[in-house]
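Number of protein chains: 2
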Amino acid sequence: MTTGAQALLKTLADAGIEVCFSNPGTSEMHFVAALDHEPRMRAVLTLFEGVASGAADGYARMSGKPAATLLHLGCGLGNALANLHNARRARVPLLNIVGDHATTHMRYDAQLQSDIETVARNVSPGFVRTSRSSAELCRDAVDAIAAARGLPHQVATLILPADVSWSEGAQPCATPAAAAPAGIDGEAVRGIAKAITSGARTALLLGGGALREAGLLAAARVAARHGVLLLAETFPTRLERGAGLPRVERLAYLAELVQVQLAGVQHLVLVDAKSPVSFFAYPGRPSDLLPEGCIVHTLCGPAQDAVQGLAALVDALGAGESAPALQGAQRPPAPRGRLTAAKVCKAVGHLLPERAILIDEAITSGLMLGVLTAGAPRHDLLTLTGGAIGQALPNAIGAAIACPDRPVLALVGDGAAMYTIQSLWTMAREQLDITAIVFNNASYSVLNVELDRVGAAAARGKARAQLDLDQPRLDFARLAQGMGVHGVRAETADDLIKALRYALETPGPHLIEAMVPESLGKAKRRLLPWLLRSLPRLPRSLQRTLKARIAP
Amino acid sequence: MTTGAQALLKTLADAGIEVCFSNPGTSEMHFVAALDHEPRMRAVLTLFEGVASGAADGYARMSGKPAATLLHLGCGLGNALANLHNARRARVPLLNIVGDHATTHMRYDAQLQSDIETVARNVSPGFVRTSRSSAELCRDAVDAIAAARGLPHQVATLILPADVSWSEGAQPCATPAAAAPAGIDGEAVRGIAKAITSGARTALLLGGGALREAGLLAAARVAARHGVLLLAETFPTRLERGAGLPRVERLAYLAELVQVQLAGVQHLVLVDAKSPVSFFAYPGRPSDLLPEGCIVHTLCGPAQDAVQGLAALVDALGAGESAPALQGAQRPPAPRGRLTAAKVCKAVGHLLPERAILIDEAITSGLMLGVLTAGAPRHDLLTLTGGAIGQALPNAIGAAIACPDRPVLALVGDGAAMYTIQSLWTMAREQLDITAIVFNNASYSVLNVELDRVGAAAARGKARAQLDLDQPRLDFARLAQGMGVHGVRAETADDLIKALRYALETPGPHLIEAMVPESLGKAKRRLLPWLLRSLPRLPRSLQRTLKARIAP
Chain A
0 MTTGAQALLK
10 TLADAGIEVC
20 FSNPGTSEMH
30 FVAALDHEPR
40 MRAVLTLFEG
50 VASGAADGYA
60 RMSGKPAATL
70 LHLGCGLGNA
80 LANLHNARRA
90 RVPLLNIVGD
100 HATTHMRYDA
110 QLQSDIETVA
120 RNVSPGFVRT
130 SRSSAELCRD
140 AVDAIAAARG
150 LPHQVATLIL
160 PADVSWSEGA
170 QPCATPAAAA
180 PAGIDGEAVR
190 GIAKAITSGA
200 RTALLLGGGA
210 LREAGLLAAA
220 RVAARHGVLL
230 LAETFPTRLE
240 RGAGLPRVER
250 LAYLAELVQV
260 QLAGVQHLVL
270 VDAKSPVSFF
280 AYPGRPSDLL
290 PEGCIVHTLC
300 GPAQDAVQGL
310 AALVDALGAG
320 ESAPALQGAQ
330 RPPAPRGRLT
340 AAKVCKAVGH
350 LLPERAILID
360 EAITSGLMLG
370 VLTAGAPRHD
380 LLTLTGGAIG
390 QALPNAIGAA
400 IACPDRPVLA
410 LVGDGAAMYT
420 IQSLWTMARE
430 QLDITAIVFN
440 NASYSVLNVE
450 LDRVGAAAAR
460 GKARAQLDLD
470 QPRLDFARLA
480 QGMGVHGVRA
490 ETADDLIKAL
500 RYALETPGPH
510 LIEAMVPESL
520 GKAKRRLLPW
530 LLRSLPRLPR
540 SLQRTLKARI
550 AP
Chain B
0 MTTGAQALLK
10 TLADAGIEVC
20 FSNPGTSEMH
30 FVAALDHEPR
40 MRAVLTLFEG
50 VASGAADGYA
60 RMSGKPAATL
70 LHLGCGLGNA
80 LANLHNARRA
90 RVPLLNIVGD
100 HATTHMRYDA
110 QLQSDIETVA
120 RNVSPGFVRT
130 SRSSAELCRD
140 AVDAIAAARG
150 LPHQVATLIL
160 PADVSWSEGA
170 QPCATPAAAA
180 PAGIDGEAVR
190 GIAKAITSGA
200 RTALLLGGGA
210 LREAGLLAAA
220 RVAARHGVLL
230 LAETFPTRLE
240 RGAGLPRVER
250 LAYLAELVQV
260 QLAGVQHLVL
270 VDAKSPVSFF
280 AYPGRPSDLL
290 PEGCIVHTLC
300 GPAQDAVQGL
310 AALVDALGAG
320 ESAPALQGAQ
330 RPPAPRGRLT
340 AAKVCKAVGH
350 LLPERAILID
360 EAITSGLMLG
370 VLTAGAPRHD
380 LLTLTGGAIG
390 QALPNAIGAA
400 IACPDRPVLA
410 LVGDGAAMYT
420 IQSLWTMARE
430 QLDITAIVFN
440 NASYSVLNVE
450 LDRVGAAAAR
460 GKARAQLDLD
470 QPRLDFARLA
480 QGMGVHGVRA
490 ETADDLIKAL
500 RYALETPGPH
510 LIEAMVPESL
520 GKAKRRLLPW
530 LLRSLPRLPR
540 SLQRTLKARI
550 AP
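Those protein sequences? They're chains A and B, same order as listed. Per numbering that gives the first Met the number 0, residue 0 is the first one in the first sequence, and the count goes up by one each step. Per numbering that gives the first Met the number 0, residue 0 is the first one in the second sequence, and the count goes up by one each step.
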């Protein structure tokens, strides 16, 4: 006889779902027991659900297909929510399996009971379903998988009551192949081609699927032929970059800089990207960052194939034979002396191995990362798509499991690292080839900037103390050791280079704690709001210089 | 001019809300800046929102009044959700302030935007409101505070858009005193008195407010006069116990044991407690744990005053002069030799200081805690009210802040500790007198029991591996050191006694990692389901003996 859980696991494996990032409780015990019957399913235990969800996100970004999470009722889902939000914004396919009380138990409102569906809707607006019986379970699962991997991809949530899991009589179901993407609108392509050839200043804003090699090459052909500006969204899900690939400039996080980047653009073409808006709102400043009078065109959205859209545009423009400008190979020299955040980025640029997966949640400390790794060997860059911090370490787990033959580097701020620090244990348990670099500047540095930017600059002791992480200063090397990960502290650039070399040469996970001063000292922090305000009025050449120092 | 945030903080402080457990982001920067203008508000920074919510829960349990949390949009609320669930089940007053994007920014669906209200409903079904303007903000806050501290207490959620926070023209408002509790139903009291005096076997099931000294004494007078059985709910919010107080038996976590505890009870009187149901459902077993034919009476519910209800019952029964049976002073001797979980509990019983606050999230390792601390000096016991693990360490922070002159001991399983391990940093930062004892048995031990109980006993390697926390074994002493807390590992009972003495004598936070074997070895684990099944058929004296070994 087949239990619901056994049939569900077979259904998942048949659909190509091969990894489950789990943190189970009692209501998931039959699912756990059924793992023994499905050799195709790898179960990766995490100590906190936010690690499981962030790992599933990273896995999907690199494999292109969904992993499952296994979560324990509403509380487990709550713990997973922040990284599921990042996954939703990354538009990756992901399948949550959330255990619930047995259907017969629900009316008693036992301690752990809560309204799971309402929580799930926050991250799974497109698909939340509670399976009602073992007989229906696998059909429900098929619908959930189809929802997750249809276009646009999404986070689907299947709620699995304990008795639906343990009862017999379930039948595995086959999941149909995902539907083809919606076609490209020829009319839109012609309109965009016309705008581009009109001579007006035009930019392509690339996002989602446009940021992989094929899309980048097509966009670069258009740029080579017609001089359009190539931009990428601020927080890409997965950006292929480095030597031999076209280089695109990412829109900055700071709205003031975006306005400089977009200045004079008359036509903005969205390629699986959103029209640019400010990350946060600021008193007296616009949220919409489009230059006045700029006309927005949509080449394709998330339900379409961005590469197909760009190919159509290349055709329409006769740019097929144009040679795209490619980034040359170029590495910064090894940094020396006193350690700073920029020197850490320099060391990464100096040593980044071939085919690395680079995950950037370094917030202010990573400001120079883009510039300093631009000519490094070709790599994938994963970023904080939804702004919910605590993404990099879990993402690294999923990326390493999706691509076991590729080195993974996660760069993360001290504040961000602490949200999902439990990730380190799973890295050790699975012996993943991950090097985590934590920038220890003992501060929520970005908030010190933001406190000034929102106009609350007079803040004194008690307010500023809310942004400081000293007293006591965290010791990440020790935290790593406490979870079985090789952890070292780097106080100088030479320490860092040595530690990074060792980490990249030695299999298994490593954590390097880079002791850096706050990226923006007090003086710079005061200067920044003024500088940002003044930026659009500065001469264009100075704007460019400054931009290169502050843009990603 | 007064900003919304400034007026809000004054409104909170005027209402007696004096502590804010925070983890802010950009949208909360004006609230943070306003802290400088309200000297009555203490802001306690946490590195993870689940620490903030668990601390607010612990604070409310010990102070009887709400603290505020300060959370960053839907993701911050998600991270806080598990411990808010515990707070909801604890029925404590608590006020979430969740920052949101500016109202003018919402239509742009920027990265961090999500449906906050839908998440909030999971833990705040009674009060969720998004404030729409600075002019309305303080009235909204007053409604939220009134909802939180009205009876039954609840978790109220006020969503604060950034522009409502930063705009001027707000006016602080005064919060009216909380309404008096609903009166006691005289008819119900007479019916219960009649049942008690009928000679039928009757039990009082005490919960909520009935578990403090006044309620316990009244209940014990009834018991002394009429021989009724005194029981407490399984997971009390706050139970006063120890030498000099009446002793009540808590209902067990294991349904099989509850059935033994309730065997033969013909009338069950609920005093601010729920009729007993199984924590989880198990195949082929009932969820409702009432004995057949047992009549349930409700003396009072959470909207009433349990002490008043019990006083009315004492009056109706003429039990006012009866001498309640009180627990004598009695401590176990110091344990020696090889360390086990029971010996850790023995050490706690041996050394528990006067007026301690004892927090129990030790799950299987704490099995003997109740028995071994029963005669210790009077103390408060806080437990895992909602079953969402990760509660003890944050609760300890809140309890220590509410009661700075009382020692706090948090006993926590290794698995549970990892969900909110970031708590240690806040303990160090605030230099709180907390001793955390982590039982390191390298296992989700309770799940090993549950895997067998749900009938999934055949589970082999891959399934069992989901419950094991070795490979690598966590090093909690090092984790504590990494967050600035004095941490030591105890390998023997003598180590433990020495470490515990030192921790209790030395101000500031301490973590003691107790290296214990899995509480239930393989053989015992196999035996347990059989034993539980057989229990009701064993002779009553043997049942009692066994119960004393397995009940809390």
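Backbone N, C-alpha and C fix where the C-beta goes; we use that ideal spot for every residue, glycine too.
Query - Close Cβ partners of B:Y281 (< 8 Å) along its chain, the five nearest in sequence each way excluded - result: Contacts found: A254, R452, V453, G454.
Query raised in the report: DSSP three-state call for A:R337: helix, strand or coil?
Result: The answer is strand: DSSP assigns A:R337 an E or B state.
Requested in this report: For B:F126, go through chain A and note every residue whose CB falls closer than 8 Å to its CB, in chain order.
Outcome: Under the 8 Å cutoff, chain A gives no residues; its nearest Cβ is about 15 Å from B:F126.
Query raised in the report: In angstroms, rounded to a whole number, what distance separates the CA positions of B:F234 and A:N22?
Result: Looking at the two C-alpha atoms, the distance is approximately 23 Å.
**Report entry** Rounded straight-line distance, which links the Cα of A:L312 to that of A:I183
**Finding:** Straight-line Cα distance between these residues: approximately 10 Å.
Query - Proximity of A:V43 and A:A54 at Cβ, strictly below 8 Å - result: Yes; because the gap between Cβ atoms is below 8 Å, this pair is in contact.
Query raised in the report: Whose Cβ in chain B lies nearer than 7 Å to the Cβ of A:C74?
Result: Chain-order list of chain B residues neighbouring A:C74: L80, A81, H84, A387, by C-beta distance under 7 Å.
Report task. Please state if the CB of A:A59 and the CB of A:P92 are separated by a distance shorter than 8 Å. Result -> Yes, Cβ-Cβ distance for A:P92 and A:A59 is below 8 Å.
Report task. To the nearest angstrom, report how far apart A:T552 and A:L510 are at their CA atoms. Result -> The structure shown does not extend to residue 552 of chain A, since chain A is modelled only from 0 to 551, so the question has no answer here.
Requested in this report: Indicate whether at least one CB of chain A lies closer than 8 Å to the CB of B:Y58.
Outcome: By the rule that beta-carbons nearer than 8 Å mark a contact, B:Y58 does not touch chain A.
Requested in this report: Check the DSSP bridge columns for B:C19 and list the partner residues they point to.
Outcome: Note: B:C19 sits in a beta bridge opposite B:A42, B:A67.
Query raised in the report: Within 10 angstroms of its Cβ, does A:A147 collect 16 or more other Cβ (buried), or is it exposed?
Result: With 16 or more other Cβ atoms within 10 Å, it is buried.
Query raised in the report: Span of the alpha helix (DSSP H) holding B:N78?
Result: Note, B:N78: alpha helix (DSSP H), 72–89.
Query - C-beta atoms of B:A222 and B:T297 nearer than 8 Å - result: No, these two residues do not count as a Cβ contact at 8 Å.
Query raised in the report: Could you give the C-beta distance for B:P508 and B:A427, rounded to a whole number, given that I count them as a contact under 8 Å?
Result: Contact flag correct, Cβ pair sits at about 6 Å.
**Report entry** Near-chain A residues of the region 276–307 of chain B (beta-carbon distance less than 8 Å), N- to C-terminal order
**Finding:** Hits within the stretch, in order: V276, S277, F278, F279, A280, P282, S286, D287.
Query raised in the report: Any Cβ of chain A within less than 8 Å of the Cβ of B:G24?
Result: Yes, its Cβ sits closer than 8 Å to a Cβ of chain A.
Requested in this report: Check the Cβ of B:T117 against every Cβ in chain A and list those closer than 7 Å, keeping chain order.
Outcome: In chain order: T117, R120, N121.
Requested in this report: Specify the secondary structure class of B:P551 as computed by DSSP and reduced to three states.
Outcome: A caution first: B:P551 carries a pLDDT of 45, below 50, which makes its placement in the model unreliable, though a value can still be read off. The answer is coil: DSSP assigns B:P551 none of H, G, I, E or B.
Query raised in the report: Can a CB atom of chain A be found closer than 8 Å to the CB of B:G317?
Result: Residue contact check for B:G317 against chain A: no CB pair falls below 8 Å.
Requested in this report: For B:E449, name the three-state secondary structure that DSSP assigns.
Outcome: Note: B:E449 maps to helix in three-state DSSP.
**Report entry** Straight-line gap, B:P275 to A:A134 (C-alpha atoms, nearest Å)
**Finding:** Cα to Cα, the separation comes out at about 31 Å.
Query raised in the report: Quick one: what's got a C-beta closer than 7 Å to A:L244's C-beta in the same chain, skipping five residues either side?
Result: Excluding residues within five positions, the ones whose Cβ falls inside 7 Å are E212, L215, L325, Q326, R377.
Query - Among B:P352, B:R459, B:G412, nearest to B:P406 - alpha-carbon criterion - result: Across the set B:P352, B:R459, B:G412, the C-alpha of B:P352 shows the shortest separation from the C-alpha of B:P406.
Query raised in the report: Just the Cα atoms here: how many angstroms apart are B:L205 and B:D469?
Result: Distance from the CA of B:L205 to the CA of B:D469, rounded to the nearest whole angstrom, comes to 39 Å.
**Report entry** Neighbouring residues, chain A, relative to B:Q170 (Cβ below 8 Å)
**Finding:** Contact of B:Q170 with chain A by beta-carbon distance below 8 Å is absent, the smallest such distance being about 20 Å.
Query - Members of the region 131–142 of chain A that neighbour chain B once the beta carbon cut-off is set at 9 Å - result: Taking 9 Å as the cut-off between beta carbons, none of the residues of the region 131–142 of chain A comes near chain B.
Query raised in the report: What runs of the alpha helix (DSSP H), each 4 residues or longer, lie entirely inside the region 202–240 of chain B?
Result: Fully enclosed alpha helix (DSSP H) runs of 4 or longer: 212–225.
Requested in this report: Inspect the beta-carbon positions of B:L579 and B:T491 and report whether they are closer than 8 Å.
Outcome: Not covered by the structure: residue 579 of chain B. The range shown for chain B is 0 to 551.
Query raised in the report: Can you tell which of A:M61, A:G483, A:L80, A:V445 has its C-alpha closest to the C-alpha of A:L70?
Result: The candidate whose alpha carbon is nearest that of A:L70 is A:L80.
Query raised in the report: Since B:L478 is in the beta strand (DSSP E), which residue starts that stretch and which ends it?
Result: Taken as a continuous stretch (DSSP letters only), B:L478 belongs to no beta strand (DSSP E), being part of the alpha helix (DSSP H) at 475–481.
Requested in this report: Kindly indicate if chain A contains any beta-carbon less than 8 Å away from that of B:M0.
Outcome: The C-beta of B:M0 comes no closer than 8 Å to any C-beta of chain A.
Query raised in the report: Any Cβ of chain A within less than 8 Å of the Cβ of B:R88?
Result: By the rule that beta-carbons nearer than 8 Å mark a contact, B:R88 touches chain A.
Query - Pick from A:S277, A:L228, A:H84 that is closest to B:Y107, judged by C-alpha positions - result: Nearest Cα to B:Y107 within the set A:S277, A:L228, A:H84: A:S277.
Query raised in the report: Comparing alpha-carbon positions, which option in B:G241, B:G348, B:E232, B:A328 lies nearest B:Q260?
Result: Of the listed residues, the one whose Cα sits closest to B:Q260 is B:E232.
Report task. Identify, in the order they occur along the chain, each residue of the same chain with its Cβ nearer than 8 Å to the Cβ of A:A119, setting aside the five sequence neighbours on each side. Result -> Around A:A119: L76, N95, V97, V127, T156, I158.
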